[in-house]
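Residue numbering for the sequence shown follows numbering that gives the first Met the number 0, beginning at 0 and increasing consecutively.
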Amino acid sequence: MNFKELNLSKEVLDALKVCNYKQPTPIQEKIISQILKNKDVQAIAPTGSGKTAAFSLPIIDKLNKNLTDEFRLPRALILVPTRELAVQIDASIKKYAIHTELKSATIFGGTKMEPQINKLKKTIDILVATPGRLAEHIKEKNVNLLHINTLVLDEADTMLEMGFSDEMAVIFESFASKPQTMLFSATLGESIKKLGEKILTSAFCVNVDKNQKETHKIVQSVYYINKEEKSSLVSYLIGKNYQQQFIVFTRTKQTAEEVYDYLLESGLKCDSLHGDKTHGKRQLAIQKFRDNAIQVLVATDITARGIDIKGLEYIINYDIPNSVDDYIHRIGRTGRAGMDGNAISLVSSSEIYSLKVIERKLHMKFLVVNEEGYGKDMVDVIKSPKITIKKEAKRVVTGAFGHKKPKEKTKKKTTKRDGNLKVEKKPKNGDKVMIDGKVKTVKVKEKKPKKKIDSATFAKKTKSYLSSKR
0 MNFKELNLSK EVLDALKVCN YKQPTPIQEK IISQILKNKD VQAIAPTGSG KTAAFSLPII
60 DKLNKNLTDE FRLPRALILV PTRELAVQID ASIKKYAIHT ELKSATIFGG TKMEPQINKL
120 KKTIDILVAT PGRLAEHIKE KNVNLLHINT LVLDEADTML EMGFSDEMAV IFESFASKPQ
180 TMLFSATLGE SIKKLGEKIL TSAFCVNVDK NQKETHKIVQ SVYYINKEEK SSLVSYLIGK
240 NYQQQFIVFT RTKQTAEEVY DYLLESGLKC DSLHGDKTHG KRQLAIQKFR DNAIQVLVAT
300 DITARGIDIK GLEYIINYDI PNSVDDYIHR IGRTGRAGMD GNAISLVSSS EIYSLKVIER
360 KLHMKFLVVN EEGYGKDMVD VIKSPKITIK KEAKRVVTGA FGHKKPKEKT KKKTTKRDGN
420 LKVEKKPKNG DKVMIDGKVK TVKVKEKKPK KKIDSATFAK KTKSYLSSKR
């Protein structure tokens with residue numbers, strides 16, 4: 000199938016020629032015609048599958064057919080989790096709409112409100128925004144969304160993970176009527192199912208499972224290695240493939256900075272990408288990477304979501320991600336647009352269990368690679384992984400500090416409110432106690448004191464007792 004068969008307009012087809020798009024990807028082939036028919040869509044499609052064009056092309060096609068010369072309020076809204084993804088999608092839309100008069104704009108956090116307010120006063124046909132900042136503008140009455148007839152939630156799973164549920168609710172309430180809605184996610188989790196049930200009507204559902212159909216294009220390998228050796232191995236692997244660019248993923252901002260410092264000291268041209276950096280610095284780092292001004296980009300999961308680097312062949316998982324979704328998004332940076340890629344994971348003994356969970360959920364086994372001089376202490380772990388997995392599983396269940404000592408039950412102090420008063424000391428004769436809600440006086444029968452006998456009497460009685468037993 001070609002793009003002409005999808006009934007797209009001449010303006011859109013001409014733009015695709017400029018972009019050198021020859022054939023639609025599977026997701027484009029399946030949903031473009033459905034969107035043109037005004038149907039709601041739920042698509043499970045990871046990054047790199049061509050989903051941006053899949054929803055952008057038909058939106059541009061429809062809006063361009065109903066274009067007026069007067070001032071125009073936003074008619075299509077695209078919600079995304081990160082500013083980087085917003086910038087990237089807006090750039091794609093501008094390319095696809097080059098032969099039209101349509102206007103697009105971006106709204107995201109981390110920058111001043113005033114320039115965005117001025118932007119919102121101008122003609123906008125397609126608005127690309129992050130939920131948090133858009134919700135702020137709605138509350139301040141800076142934006143009018145009453146004309147929105149098309150809504151796209153891109154990487155909806157990430158937006159929910161980032162806690163944007165309340166902001167999304169504020170945005171949905173600002174529409175005059177229910178728009179045509181498209182829900183895109185890398186995986187179909189329970190939260191996505193519930194969201195789909197709320198906002199979609201008779202949706203066309205498609206699952207483009209890149210993990211099962213296209214993973215042959217991405218070689219996924221594992222190095223079992225001590226945690227202390229990871230930075231050294233990263234530097235070695237990059238030096239070994241000095242003509243290639245790398246994105247190195249870390250779980251935390253602190254680790255990203257530590258790895259960045261190490262690689263910089265090793266003489267590599269690199270930069271870091273994480274939440275503590277301003278939007279300007281993050282965009283500059285991405286642009287330098289795109290321009291081949293740097294070889295390595297060290298990034299955290301969220302900041303790297305949606306980054307599209309043409310021809311990127313290598314990504315390195317410095318540590319195993321927190322979830323399968325994060326792993327999918329990470330490796331989605333390579334092997335894009337049908338090209339080959341390599342995803343390398345560095346796994347320490349404490350991460351083996353997490354790795355096995357990912358392998359099990361993806362129904363695959365990663366290629367184990369050994370590098371001479373690294374991971375010598377991991378030989379026993381690799382030979383008998385069940386022991387390590389068992390220990391790691393126990394650690395995950397019980398917490399970082401294992402089983403805590405159960406608290407001892409403290410004795411309850413008795414008060415007058417108790418129905419049956421329990422006293423620690425034996426009550427004396429005449430003491431008042433509470434029994435069945437009534438105060439009663441304790442009466443104790445006094446025992447008669449035993450008579451004392453002298454030694455002579457005791458000896459006489461003992462002699463008499465013994466003689467009777469003979």
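We put the beta carbon where it would ideally sit given N, CA and C, even for glycine. None of these values were measured; they are calculated from a predicted model.
| Check | Outcome |
| --- | --- |
| Can you tell me which of Leu12, Gly131, Asn141, Ser322 puts its alpha carbon nearest to the alpha carbon of Pro80? | Gly131 |
| Would you call Ser176 buried or exposed, if buried means 16 or more other Cβ atoms sit within 10 Å of its Cβ? | exposed |
| Grouping DSSP H, G and I as helix and E and B as strand, with all else coil, what is Gly340? | strand |
| Are Ile343 and Leu236 close, meaning C-beta to C-beta below 8 Å? | yes |
| Leaving out five residues on either side along the sequence, give the residues of the same chain with a beta carbon under 7 Å from the beta carbon of Cys18. | Lys94 |
| Applying the criterion that 16 or more other CB atoms from any shown protein chain within 10 Å of the CB defines a buried residue, is Asn316 buried or exposed? | buried |
| Spatial neighbours of Val297 within its chain, please: CB distance less than 6 Å, with the 5 preceding and 5 following residues excluded, ordered by chain position. | Val247, Ala255, Val258, Tyr259, Ser271 |
| Does the beta-carbon of Gln219 have 16 or more other beta-carbons within 10 angstroms, so that it is buried, or is it exposed? | buried |
| Which of the three DSSP states is assigned to Tyr235 in this structure? | helix |
| Where do the ends of the beta strand (DSSP E) carrying Ile306 lie? | First-last for Ile306: undefined, no H or E at that position. |
| Would DSSP call Gln87 helix, strand or coil? | helix |
| Please classify Gln244: does DSSP put it in a helix, a strand, or coil? | coil |
| Over the uninterrupted beta strand (DSSP E) stretch that includes Leu56, give me the two end residues. | Careful: Leu56 lies outside any beta strand (DSSP E), inside the alpha helix (DSSP H) at 50-64. |
| With Ile34 and Thr99 assumed to form a contact (beta carbons below 8 Å), what rounded beta-carbon distance in angstroms separates them? | Rounded, the Cβ-Cβ distance is 17 Å, inconsistent with contact. |
| Smallest Cα separation from Ile125: which of Ser201, Pro178, Ala75, Lys138? | Ala75 |
| Hey, quick one: how far does the beta strand (DSSP E) through Thr149 stretch, first residue to last? | 149-152 |
| Can you give me the C-alpha to C-alpha distance between Asp156 and Lys280, rounded to a whole angstrom? | 26 Å |
| With respect to the alpha helix (DSSP H) encompassing Met0, which residues constitute its N-terminal and C-terminal limits? | Unbroken run through Met0: none, as it is neither H nor E. |
| Among Val205, Phe203, Leu133, Phe163, which has the Cα closest to the Cα of Ser173? | Leu133 |
| Could you tell me the distance, in whole angstroms, from the CA atom of Lys50 to the CA atom of Ser184? | 10 Å |
| With a cut-off of 8 Å on the beta carbons, I'd call Tyr326 and Ile306 a contact; round off their distance for me. | Tyr326 to Ile306, Cβ: 16 Å. No contact. |
| Buried or exposed: which applies to Asp165, given that a residue is buried once 16 or more other Cβ atoms fall within 10 Å of its Cβ? | exposed |
| Rounding to the nearest angstrom, what Cα-Cα distance links Ala52 and Val151 in this structure? | 12 Å |
| For Met167, does the count of other Cβ atoms within 10 angstroms reach 16, so buried, or fall short, so exposed? | buried |
| Write down every uninterrupted run of the beta strand (DSSP E) in the stretch 183-211 whose length is 3 residues or greater and which is fully enclosed by it, in chain order. | 203-206 |
| Compare the beta carbon distance of Val233 and Cys269 with 8 Å and say whether it is the shorter of the two. | no |
| In chain order, what residues of the same chain lie with their CB nearer than 6 Å to the CB of Leu200, ignoring the 5 residues before and after it? | The sequence given here has Thr at residue 200, not Leu. Once the five neighbours on either side are set aside, the close Cβ partners of Thr200 are Asp39. |
| Between which two residues does the beta strand (DSSP E) holding Ile43 run? | 40-43 |
| With H, G and I counted as helix, E and B as strand and the rest as coil, what does DSSP make of Val258? | helix |
| Mind checking which residues open and close the alpha helix (DSSP H) that includes Asp353? | Looking at the sequence itself, residue 353 is Ser, so the reference to Asp does not match. Per DSSP, Ser353 belongs to the alpha helix (DSSP H) from 351-361. |
| I think Asn65 touches Glu10, with their Cβ atoms under 8 Å apart; what is that distance to the nearest whole Å? | Contact doesn't hold; Cβ gap of about 14 Å is too wide. |
| Looking at Gln244: is its Cβ nearer than 8 Å to the Cβ of Val86? | no |
| With C-beta atoms as the reference, is Gly372 less than 8 Å away from Tyr222? | no |
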